[in-house]
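Residue numbers (my numbering): 18 to 219.
Every residue gets a Cβ at the ideal spot worked out from N, C-alpha and C, and that includes glycine.
Report on the following structure.
Spelled out as structure tokens, the structure:
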């Protein structure tokens, strides 16, 4: 009970501070996109799996081309290698849909900044497991119920690990080991900075 109260209070404080910085950051990113000829919205929303399996809308800065989902299906139909890679890892190592600006946003995890909105709303925490896609539920198997015991986080065990070449099942196994305690959260918090500034977030 103490842990839950302290964590929620910390999330609210961090979330509100994050929202303050989100305003000028959004203006800058929007202007940069406009300068490149991209006039589409820079915010990206998507339904994700939350605590106890309840779905919620996640907020991110768009780091891909506007029609990314349709483009993925097109790529998978045309290229078997891309299809096999996505089915195996649920991501592409050199995703051609990522824009030049998006690549920079992802490298330093800036694309995740709008999730401070989710933290304030209460459907995410600063630290927790990855907010999984609804389509990924069928592949989560025995790890599903353990993972949804906690709120998804902006950062977590998977994000601070060498995850680029990690199989989807290995990622699930890692995240199912997450325990809700101050020691775990503090270590992940510190490792997050090492990952971001060390360029380890791919």
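Buried versus exposed, by CB contacts within 10 Å (16 or more), residue i
{"i": "residue 50", "result": "buried"}
{"i": "residue 77", "result": "buried"}
{"i": "residue 131", "result": "buried"}
{"i": "residue 140", "result": "buried"}
{"i": "residue 53", "result": "exposed"}
{"i": "residue 75", "result": "buried"}
{"i": "residue 172", "result": "buried"}
{"i": "residue 168", "result": "buried"}
{"i": "residue 209", "result": "buried"}
{"i": "residue 205", "result": "buried"}
{"i": "residue 104", "result": "exposed"}
{"i": "residue 192", "result": "buried"}
{"i": "residue 96", "result": "exposed"}
{"i": "residue 73", "result": "buried"}
Cβ distance (whole Å) where residue i is taken to contact residue j below 8 Å
{"i": "residue 225", "j": "residue 151", "result": "Any property of residue 225 remains undetermined from this structure, which presents the chain solely from 18 to 219."}
{"i": "residue 128", "j": "residue 80", "result": "5 Å"}
{"i": "residue 36", "j": "residue 137", "result": "7 Å"}
{"i": "residue 92", "j": "residue 102", "result": "Incorrect: roughly 10 Å between the Cβ atoms, too far for contact."}
{"i": "residue 213", "j": "residue 125", "result": "6 Å"}
Whether residue i touches residue j by CB criterion (9 Å)
{"i": "residue 153", "j": "residue 99", "result": "no"}
{"i": "residue 20", "j": "residue 176", "result": "no"}
{"i": "residue 106", "j": "residue 183", "result": "yes"}
{"i": "residue 133", "j": "residue 70", "result": "no"}
{"i": "residue 156", "j": "residue 174", "result": "no"}
{"i": "residue 23", "j": "residue 199", "result": "yes"}
Residue from the options whose Cα sits closest to the Cα of residue i
{"i": "residue 159", "options": "190, 121 and 146", "result": "190"}
{"i": "residue 84", "options": "115, 97, 44 and 71", "result": "115"}
{"i": "residue 188", "options": "113, 161 and 42", "result": "161"}
{"i": "residue 63", "options": "125, 18, 148 and 186", "result": "148"}
{"i": "residue 145", "options": "41, 31, 29 and 165", "result": "165"}
{"i": "residue 263", "options": "22, 201 and 45", "result": "No statement about residue 263 is possible, as the shown extent of the chain runs from 18 to 219 and does not include it."}
{"i": "residue 118", "options": "199, 94, 195 and 47", "result": "47"}
{"i": "residue 30", "options": "185, 72, 86 and 135", "result": "135"}
{"i": "residue 55", "options": "94, 82, 88 and 72", "result": "82"}
{"i": "residue 163", "options": "68, 94 and 112", "result": "68"}
Segments assigned beta strand (DSSP E), at least 3 residues, entirely inside the segment 67-124 = For the segment 67-124, the full-length beta strand (DSSP E) segments reaching 3 residues or more read 72-78 along the chain.
Within the segment 33-64, ranges of the alpha helix (DSSP H) (whole runs, at least 4 residues) | Taken in chain order, no unbroken stretch of alpha helix (DSSP H) lies wholly in the segment 33-64 with a span of 4 residues or more.
Write down every uninterrupted run of the alpha helix (DSSP H) in the segment 116-181 whose length is 4 residues or greater and which is fully enclosed by it, in chain order.
-> Along the length of the segment 116-181, whole alpha helix (DSSP H) runs at least 4 residues long occupy 117-124, 132-138, 154-157 and 161-164, reported in chain order.
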